[in-house]
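Take a look at the structure below.
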Amino acid sequence: MRLRVIALLAGCVMLAACGKVNQENYAKLYSGMNKAEVENLLGKPTECSGALGMSSCTWGDQVSFISVQYAGDKVIMFSSKGLK
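Just so you know, the sequence shown maps onto residues -19 to -1, 1 to 65 in mature numbering (1 follows the signal peptide of the UniProt record, and there is no 0).
So this is what it looks like as structure tokens:
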């Protein structure tokens, strides 16, 4: 029973994050934004990785996503796929 509740909550969190992965929010991204501004717009990322002051975070899934690359705390590039 407890495992079901945890799985349900995790599913709700993922759906809420996906709701912000859309063309309207993608259009609000710009080079120079800081991580806090991006997370305020898109929510917590689905996945992040990085090294040596560079990082990349992704919101969404394999079908529909927004990917943001950072140098330090600032956006340097961003891309998307399958947004509506």
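Positions of the beta carbon are idealized from the N, C-alpha and C atoms, including for glycine.
Since we're looking at a predicted model, the values are computed, not measured.
Assignment of beta-bridge partners to K62 by DSSP yields F46. Pairing A32 with G53, the inter-Cα distance amounts to about 10 Å.
Around the C-beta of M58, fewer than 16 other C-beta atoms lie within 10 Å, and the residue is accordingly described as exposed. In the three-state scheme derived from DSSP, where H, G and I count as helix and E and B as strand, G(-1) is classed as helix.
Where A32 is concerned, the enclosing beta strand (DSSP E) starts and stops at 28 to 32.
The three-state reading of DSSP puts A8 in coil, since its state is none of H, G, I, E or B.
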